[in-house]
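Residue 337 in my numbering is what sits at position 240 of the sequence shown, and the numbering runs on without skipping anything.
Yeah, the Cβ is synthetic: ideal placement off N, Cα and C, and Gly gets one too.
In what follows, a structure is listed as structure tokens, so that the remarks can point back to it.
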Amino acid sequence: PRRGAFLATILGFLGVMNAAVICNDLRWFDLFWGTTTLFSFLLIGHPRTDEAMRAARLALIINTGGGLALLAGARLMQHYYGTYLLMDIPAGDAAGIALLPLALISVAAFTKSAQLPFQSWLLGAMVAPTPVSALLHSSTMVNLGAFLALRITSSFQGEVLFSAVIALIGGLSFLITSILAMTQSNSKRVLAYSTIGNLGLIFMCAGIGTPLALAAGMVLLLYHAVSKALLFLAVGVVQDERGTEDIEDMHGLRKDLPVVTLAIFIGIATLVLPPFGMFVSKWLISEAVIIYPALAFLLAVGFASLVVYYFKWLGVLLAATSGTSRRLRDDPTRRAYRWVLGGLSAGAVAASVLVGPISHYLIAPFVAREFALPGLTDSLSLFTSGGEVQAFVL
Numbered sequence: 098p099r100r101g102a103f104l105a106t107i108l109g110f111l112g113v114m115n116a117a118v119i120c121n122d123l124r125w126f127d128l129f130w131g132t133t134t135l136f137s138f139l140l141i142g143h144p145r146t147d148e149a150m151r152a153a154r155l156a157l158i159i160n161t162g163g164g165l166a167l168l169a170g171a172r173l174m175q176h177y178y179g180t181y182l183l184m185d186i187p188a189g190d191a192a193g194i195a196l197l198p199l200a201l202i203s204v205a206a207f208t209k210s211a212q213l214p215f216q217s218w219l220l221g222a223m224v225a226p227t228p229v230s231a232l233l234h235s236s237t238m239v240n241l242g243a244f245l246a247l248r249i250t251s252s253f254q255g256e257v258l259f260s261a262v263i264a265l266i267g268g269l270s271f272l273i274t275s276i277l278a279m280t281q282s283n284s285k286r287v288l289a290y291s292t293i294g295n296l297g298l299i300f301m302c303a304g305i306g307t308p309l310a311l312a313a314g315m316v317l318l319l320y321h322a323v324s325k326a327l328l329f330l331a332v333g334v335v336q337d338e339r340g341t342e343d344i345e346d347m348h349g350l351r352k353d354l355p356v357v358t359l360a361i362f363i364g365i366a367t368l369v370l371p372p373f374g375m376f377v378s379k380w381l382i383s384e385a386v387i388i389y390p391a392l393a394f395l396l397a398v399g400f401a402s403l404v405v406y407y408f409k410w411l412g413v414l415l416a417a418t419s420g421t422s423r424r425l426r427d428d429p430t431r432r433a434y435r436w437v438l439g440g441l442s443a444g445a446v447a448a449s450v451l452v453g454p455i456s457h458y459l460i461a462p463f464v465a466r467e468f469a470l471p472g473l474t475d476s477l478s479l480f481t482s483g484g485e486v487q488a489f490v491l
């Protein structure tokens with residue numbers, strides 16, 4: 098219902114999101130940050146049910162609190178560092194009370210990315226229409242907090258306690274939401290917990306702050322967005338065709354909706370299996386945390402939990418059923434759905450094939466601006482402290 102208003106709001110959101118990620122001045126950044134919160138409120142509440150309005154209000158309250166923290170952090174940044182520009186924050190020189198601006202900015206990032214203890218708004222936001230979940234609440238708006246953390250990570254390196262708190266909050270968010278996701282049967286809630294957890298991994302990378310960790314966080318930011326958007330849209334198609342979002346009701350889906358099943362399979366595979374980009378990023382994160390036993394433990398248990406809930410979902414999808422399975426070309430799903438799912442599936446796979454060039458041309462220049470980077474290349478290899486690894490061989 099009210100498609101015109103819905104599409105206008107989506108279009109407005111895309112505009113301010115693009116504006117936010119190219120901002121260097123925190124005053125403008127805060128303006129666009131707050132506007133994404135407004136659009137999120139409007140889109141979550143679009144169905145106008147009581148549940149949707151409650152969820153929209155909760156999202157508005159928590160994210161507005163984060164926006165106020167960002168505003169205060171920007172003002173204090175000008176006071177202590179003499180600048181509003183992100184690129185002008187002194188690298189690693191802050192100490193004591195001068196860390197307060199960075200602390201407030203980090204709190205804002207936690208609220209936008211729904212990290213513990215602010216995760217409740219994102220779980221409630223799953224009542225929004227599927228395109229909102231796929232665009233705002235998995236691949237763009239919630240990434241804005243993690244994006245901000247990556248941009249300021251060089252500024253708090255050297256402050257061991259501050260960095261450790263950032264990394265620990267991210268690691269705990271990953272571990273706890275991964276465990277909670279195993280208890281869920283609603284597919285959108287599983288994806289919401291997974292989103293919070295993967296964003297937690299990016300915060301962990303920002304806290305660790307080594308060149309390898311920063312590169313891993315950026316790879317994860319990119320590949321997670323594509324795969325998670327694909328999964329949310331595929332779940333929306335299942336809801337449209339079968340009237341359910343429950344994973345248990347997807348038993349034997351491959352027989353009736355092979356295109357949608359293939360899209361979910363590709364989405365999950367690109368999130369957890371080698372040699373796809375998400376696996377590469379998580380392998381890089383494992384390399385980065387190996388010297389921190391506590392973080393390594395959180396990572397190991399979280400990865401195990403993640404594999405459990407995604408493979409349980411795959412088992413339901415691919416379970417053998419009686420009767421003849423449809424061929425892909427005979428799938429009754431609407432043509433528009435097939436084109437969108439097919440395009441995103443192809444994009445997720447193609448991006449993984451190009452992980453070497455993407456790392457070299459997109460990620461390495463950013464990391465090298467802050468750190469001496471030992472080894473992302475334009476070939477299909479990754480260089481680490483342990484030597485060269487061929488992505489395809491892996």
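Mind checking which residues open and close the alpha helix (DSSP H) that includes residue i?
i	result
residue 252	Looking at the DSSP string, residue 252 is not in any alpha helix (DSSP H), and its letter there is neither H nor E.
residue 176	147-178
residue 193	No alpha helix (DSSP H) contains residue 193, which DSSP labels as neither H nor E.
residue 370	It is not in any alpha helix (DSSP H) - residue 370 carries neither H nor E in the DSSP assignment.
residue 115	100-118
residue 138	123-141
residue 341	Careful: residue 341 lies outside any alpha helix (DSSP H) and carries neither H nor E.
residue 429	Neither: residue 429 is in no alpha helix (DSSP H) and is coded neither H nor E.
residue 237	Looking at the DSSP string, residue 237 is not in any alpha helix (DSSP H), and its letter there is neither H nor E.
residue 54	This structure does not reach residue 54, given that the chain is present from 98 up to 491, and the question cannot be answered.
residue 353	350-353
residue 400	390-415
residue 219	217-221
Would you say residue i touches the ligand ADP, meaning its beta carbon is less than 8 Å from a heavy atom?
i	result
residue 332	Judged by which ligands are present, the structure shown has none, so any question about the ligand ADP falls away.
Going by Cα to Cα distance, which pick from the options is closest to residue i?
i	options	result
residue 304	371, 357, 385	385
residue 245	458, 230, 263	263
residue 287	132, 360, 402, 140	402
residue 199	266, 185, 214, 173	173
residue 454	294, 256, 316, 197	316
residue 365	352, 148, 328, 273	328
residue 250	436, 187, 383, 457	187
residue 195	105, 252, 383, 296	252
residue 108	356, 159, 133	133
residue 437	324, 140, 261	324
residue 115	216, 163, 240	240
residue 129	347, 161, 285	161
residue 441	171, 414, 451, 330	330
residue 256	197, 145, 381	197
residue 105	136, 214, 396, 247	136
residue 355	435, 367, 164, 383	435
residue 411	184, 347, 159, 213	347
residue 178	313, 258, 123, 284	123
residue 308	371, 342, 248	248
residue 260	459, 306, 155, 415	306
residue 98	159, 163, 142	142
residue 351	289, 396, 416	416
residue 223	148, 394, 180	148
Write down the C-beta distance between residue i and residue j rounded to the nearest angstrom, noting that I regard them as a contact closer than 8 Å.
i	j	result
residue 430	residue 334	6 Å
residue 167	residue 202	6 Å
residue 345	residue 282	6 Å
residue 242	residue 274	Wrong, their Cβ atoms sit about 15 Å apart, outside the cutoff.
residue 464	residue 311	5 Å
residue 51	residue 349	In this structure the chain extends from 98 to 491, so residue 51 is not present and cannot be described.
residue 232	residue 326	7 Å
residue 382	residue 298	6 Å
residue 219	residue 211	4 Å
residue 452	residue 377	6 Å
Output the residue ranges of the alpha helix (DSSP H) runs that lie fully inside the region 258-316 and measure 4 residues or longer, sorted by chain position.
Entirely contained in the region 258-316, the alpha helix (DSSP H) runs reaching 4 residues are, in chain order, 284-305.
- Task: Please determine if the region 359-368 and the region 228-241 are in contact, where contact requires at least 3 C-beta pairs separated by less than 8 Å.
- Result: Touching, no, given that fewer than three Cβ pairs across the two stretches are closer than 8 Å.
- Contact between the region 309-326 and the region 433-447 (3+ Cβ pairs under 8 Å): Under the 8 Å Cβ criterion, the region 309-326 counts as touching the region 433-447, having at least three qualifying pairs.
Q. Are the region 397-417 and the region 272-279 in contact at 8 Å, needing three or more beta carbon pairs?
A. Touching, yes.
task = Examine the Cβ distances between the region 292-303 and the region 334-348 and report whether three or more of them are shorter than 8 Å.
result = No: fewer than three Cβ pairs fall under 8 Å.
**Asked** Taking contact to mean at least 3 C-beta pairs separated by less than 8 Å, is the region 205-215 in contact with the region 256-270?
**Response** Yes: the two stretches touch, three or more of their Cβ pairs being nearer than 8 Å.
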